[in-house]
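Numbering (our numbering), first residue to last: 27 to 105.
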């Protein structure tokens, strides 16, 4: 997906956090409640707003945008 071809994030858009970061700019995602905390050039953490509050996201976690800045988050299961 081209980073510059998207002007809005459709409800139901799904993927891993890593895929969202590869497909969109951090500023664009920030408008929809996907936050990244940076220290100089290093990304410290990512978080999204869910119906339960703000939650930390790891790159392999599965996200679905449900609208109005709210995300559904499924944590990656490491076995």
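The beta-carbon is built from N, C-alpha and C at its ideal position, and this holds for glycine as well.
Proximity of residue i and residue j at Cβ, strictly below 8 Å
i          : j          : result
residue 89 : residue 58 : no
residue 61 : residue 69 : no
residue 86 : residue 42 : yes
residue 95 : residue 77 : no
Cβ-based burial, residue i [other Cβ within 10 Å; buried from 16]
i          : result
residue 55 : buried
residue 91 : buried
residue 46 : buried
residue 37 : exposed
Any non-hydrogen atom of the ligand NAP closer than 7 Å to residue i Cβ
i          : result
residue 44 : By its list of ligands, the structure shown contains no ligand whatsoever, and the ligand NAP lies outside what it can speak to.
Minimum Cβ-Cβ distance from residue i to chain B less than 8 Å
i          : result
residue 67 : The structure shown contains no chain B; it is built from a single protein chain.
Selection from the options that minimises the alpha carbon distance to residue i
i          : options         : result
residue 81 : 98, 66, 65      : 98
residue 51 : 65, 76, 33, 66  : 33
residue 83 : 101, 96, 67, 66 : 101
As assigned by DSSP and simplified to three states, the class of residue i
i          : result
residue 56 : helix
residue 80 : strand
residue 75 : strand
residue 35 : coil
residue 85 : coil
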